[in-house]
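A.B. asks: First to last, the protein sequences are chains A and B.
Be aware that the first sequence starts at 1, since it is given in this note's numbering, and climbs by one per residue.
Be aware that the second sequence starts at 194, since it is given in this note's numbering, and climbs by one per residue.
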Amino acid sequence: MKQDRVIRRMIRRDTHSSRSVPSVVVASILLVTFLWLALESVLWLLKDQPLLASPAQLRQWLLDLPANTIPAGMTAAGVGLGILGLLIIGIAVGKGRRPRRALASDRTATVVDDDVIAAAVSSKARLAAGLAPGQVTTTVGGRSVRVQVRPTSGVPLNLESIKTALDGELATYALDRPVKRNVRVLNEGAVGQ
Amino acid sequence: MRRTNRALNRILLTLVGLALLGTGAALIAAGTLPGAADTWRAIGSTVTDQARTLSSTALLPEPARSWWLVAGVAVLLLGAILSAAWLASQGGGRTPRLAEQADGINGRTVVDVGLISAAVHQALNGNKNVLAASVSAWESRSGTALRLRMQARKGTSPRELADTAEELIQGIDVWLGHPLPVLVRITSGARTRVSGSRRAR
């Protein structure tokens, strides 16, 4: 039972983003800002030359901001900051799923990239229908596996055999999030295969 | 697998996002509402006046002038330290040693990741479906965990690779004597893109 929990935790940590990149960016900006403000304050206390602007200048600039800026500019800046804030909240609160998923396994936590699954599904469909490389493309995303088949011109395509082959293949993966298989046959055929 | 504190990241990012949202709302209000510009000035003046009165109390000799000003600088420095701590809490946890056992006075036995890595490379040497493999060890909450990363050849069934990995791990279990938590990552990579699929039509 404990083993199970450990495995589930490892899978969860690997299939979801840790948000370390946005955290590093935000923390670096905060760090630089705080250090700069502290340095300016000390310089101001020592009555030294400011680096960029002394606290007194900053205060004056903030107070005069509405008077010196046109209202449209203020609004635009506010909208910009608001969108940035929403974006950061979205990153923090959102699911943060990465394009990979877990395969059922007795012993290990097994996590597979979506492109590996897509390539395997394509190759399986290709073998089932006897098509050349490039005639099958697969997209794996969210809860679906979308397979696009481009048949060879003049050669009938056995859609059922592709579907059964894919269902069998996907069943052996036993993915933790069930996916819906969706096979689409293009109208245009490939010539000379 | 890393030791990043994910809950902390989410909470702090939310706080920063809310602060930005609040500032944005204040700017929009100052830009659109008619009396907002005056309110802005009034609030700003009150705050500066209060700060000025505060800094004339609790006096200190020059150049610091007042304890309150020193406290202000200290708060800024504290903010910088907390930011640095947040920055430092990202990642980490990778370790070169996989297992360790103390045998009393006889000494200690340490199993290096390199040993497992060499064994895995040896075992996967003839396997055409695996383009590259890497092994690393990580300190996690439930002890040291092993991470096995395999780069798949294009079109290889992930189930086949997972079974291969499971066999390897079972061998490692027998070798080490006690099972470790293992994460198997089946990935695509630069070499996957250029490698052709193995089977002919």
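Beta carbons: idealized from backbone N, C-alpha and C, even for Gly.
Considering only their Cβ atoms, is the gap separating PRO374 (chain B) from MET10 (chain A) smaller than 8 Å?
C.D. replies: Cβ distance < 8 Å, so MET10 (chain A) and PRO374 (chain B) count as in contact.
A.B. asks: Given a cut-off of 8 Å, decide if LEU206 (chain B) and ARG19 (chain A) are closer than it, judged by their beta-carbon atoms.
C.D. replies: A contact, by the Cβ cut-off of 8 Å.
A.B. asks: Got a sec: is the Cβ-Cβ distance from ALA92 (chain A) to anything in chain B below 8 Å?
C.D. replies: Closer than 8 Å: yes.
A.B. asks: CB-CB under 7 Å to SER144 (chain A), same chain, minus the five flanking residues each way: which ones, in chain order?
C.D. replies: Within the same chain, SER144 (chain A) has close Cβ partners VAL179, LYS180 and ASN182.
A.B. asks: What are the partner residues of THR138 (chain A), as DSSP defines its beta bridges?
C.D. replies: Looking at the DSSP assignment, THR138 (chain A) forms a beta bridge with A:VAL147.
A.B. asks: So, under 8 Å CB-CB, LEU31 (chain A) and ALA277 (chain B) are touching, yes? Tell me the CB distance rounded to an integer number of Å.
C.D. replies: Contact flag correct, Cβ pair sits at about 6 Å.
A.B. asks: For SER310 (chain B), which residues from the same chain have a beta carbon less than 7 Å from its beta carbon, with the 5 sequence-adjacent residues on both sides left out?
C.D. replies: VAL328, listed in sequence order.
A.B. asks: Taking the alpha carbon of LEU291 (chain B) as the reference point, which residue from B:ASP366, B:ARG199, B:GLY210 and B:THR380 has its own alpha carbon closest?
C.D. replies: Out of B:ASP366, B:ARG199, B:GLY210 and B:THR380, B:ASP366 has the C-alpha closest to the C-alpha of LEU291 (chain B).
A.B. asks: With distance defined between alpha-carbon atoms, name the residue in B:ASN320, B:LEU369 and B:GLU360 nearest to LEU308 (chain B).
C.D. replies: Per the Cα distances, B:LEU369.
A.B. asks: Show which residues of chain B have a CB atom less than 8 Å away from the CB atom of LEU86 (chain A).
C.D. replies: Going along chain B in sequence order, the residues near LEU86 (chain A) (Cβ under 8 Å) are GLY210 and LEU214.
A.B. asks: Looking at C-alpha atoms only, which residue of B:ASN202, B:PRO227 and B:GLY265 is the closest neighbour of TRP279 (chain B)?
C.D. replies: Comparing Cα positions, the closest option is B:ASN202.
A.B. asks: Against chain A, with Cβ distances strictly below 8 Å, would GLU332 (chain B) count as a contact?
C.D. replies: By this cut-off, GLU332 (chain B) is not an interface position.
A.B. asks: List the residues of chain A whose Cβ lies closer than 8 Å to the Cβ of SER248 (chain B), in chain order.
C.D. replies: The premise fails here: SER248 (chain B) is roughly 10 Å from chain A at the closest Cβ pair, so nothing lies under 8 Å.
A.B. asks: Could you spell out where the alpha helix (DSSP H) holding ASN202 (chain B) opens and where it closes?
C.D. replies: Element bounds for ASN202 (chain B): 199 to 225.
A.B. asks: Whole angstroms is fine: what's the gap from ARG245 (chain B)'s alpha carbon to ALA264 (chain B)'s?
C.D. replies: Those two C-alpha atoms are separated by around 14 Å.
A.B. asks: I need the straight-line Cα distance from ARG177 (chain A) to ALA102 (chain A), nearest angstrom please.
C.D. replies: Looking at the two C-alpha atoms, the distance is approximately 8 Å.
A.B. asks: Can you find a C-beta in chain B that's less than 8 Å from the C-beta of SER41 (chain A)?
C.D. replies: So, interface residue.
A.B. asks: For the beta strand (DSSP E) holding GLU188 (chain A), just list the boundary residues, first then last.
C.D. replies: GLU188 (chain A) -> no beta strand (DSSP E), and no H or E assigned at all.
A.B. asks: If contacts are defined as beta-carbon pairs under 8 Å, then GLU332 (chain B) and GLY286 (chain B) qualify, I think. What distance do you get, rounded to the angstrom?
C.D. replies: About 5 Å separates the two Cβ atoms, so the contact holds.
A.B. asks: Taking Cβ to Cβ, would you say THR152 (chain A) is nearer than 8 Å to ALA120 (chain A)?
C.D. replies: No, they are not a contact pair.
A.B. asks: Return helix, strand or coil for GLN283 (chain B), following the three-state DSSP convention.
C.D. replies: The answer is coil: DSSP assigns GLN283 (chain B) none of H, G, I, E or B.
A.B. asks: Give the DSSP-derived three-state secondary structure of ALA257 (chain B) in the structure shown.
C.D. replies: It is coil, neither helix nor strand.
A.B. asks: DSSP has VAL304 (chain B) in a bridge; who is on the other side?
C.D. replies: Bridge partners of VAL304 (chain B): B:ALA292.
A.B. asks: Would the segment 116 to 130 of chain A count as touching the segment 162 to 173 of chain A if we require 3 or more Cβ pairs under 8 Å?
C.D. replies: The segment 116 to 130 of chain A vs the segment 162 to 173 of chain A: in contact.
A.B. asks: So, at 7 Å on beta carbons, what are the nonlocal neighbours of THR139 (chain A) in its own chain, with the 5 sequence-adjacent residues on each side left out?
C.D. replies: ALA118 and ARG146, listed in sequence order.
A.B. asks: Taking 8 Å as the cut-off, decide whether the C-beta atoms of GLN294 (chain B) and ALA325 (chain B) are in contact.
C.D. replies: No, these two residues do not count as a Cβ contact at 8 Å.
A.B. asks: Is THR357 (chain B) close to chain A, meaning its C-beta is less than 8 Å from at least one C-beta of that chain?
C.D. replies: With 8 Å as the cut-off, THR357 (chain B) does not count as an interface residue toward chain A.
A.B. asks: Whose Cβ in chain B lies nearer than 7 Å to the Cβ of ALA38 (chain A)?
C.D. replies: Result: VAL266, LEU269, LEU270 and ALA273.
A.B. asks: Can you give me the start and stop residues for the alpha helix (DSSP H) that GLY85 (chain A) sits inside?
C.D. replies: Its alpha helix (DSSP H) spans residues 71 to 93.
A.B. asks: Based on DSSP bridge pairs, tell me the residues matched to ALA326 (chain B).
C.D. replies: Beta-bridge pairing links ALA326 (chain B) to B:MET343.
A.B. asks: Compare the Cα-Cα distances from SER249 (chain B) to each of B:SER259, B:VAL240 and B:LEU361 and report the closest residue.
C.D. replies: Among B:SER259, B:VAL240 and B:LEU361, the Cα nearest to that of SER249 (chain B) is on B:SER259.
A.B. asks: Distance check for PRO133 (chain A) and GLY85 (chain A), CA to CA, integer angstroms please.
C.D. replies: Spanning the two alpha carbons is a distance of roughly 46 Å.
A.B. asks: Tell me which residues share the same chain as LEU175 (chain A) and place their Cβ nearer than 6 Å to its Cβ, disregarding the 5 neighbours each side in the sequence.
C.D. replies: Closer than 6 Å at Cβ, skipping near neighbours: ARG101.
A.B. asks: Measuring only the C-alpha atoms, how far is VAL42 (chain A) from GLY94 (chain A)?
C.D. replies: C-alpha separation (whole angstroms): 40 Å.
A.B. asks: Near LEU81 (chain A), what residues of its chain come up, given a Cβ to Cβ distance below 8 Å and the 5 sequence neighbours on each side ignored?
C.D. replies: Within the same chain, LEU81 (chain A) has no close Cβ partners at all.
A.B. asks: So, for ASP14 (chain A): in the same chain, excluding its five sequence neighbours on each side, which residues have a beta-carbon less than 6 Å away from its beta-carbon?
C.D. replies: VAL111, listed in sequence order.
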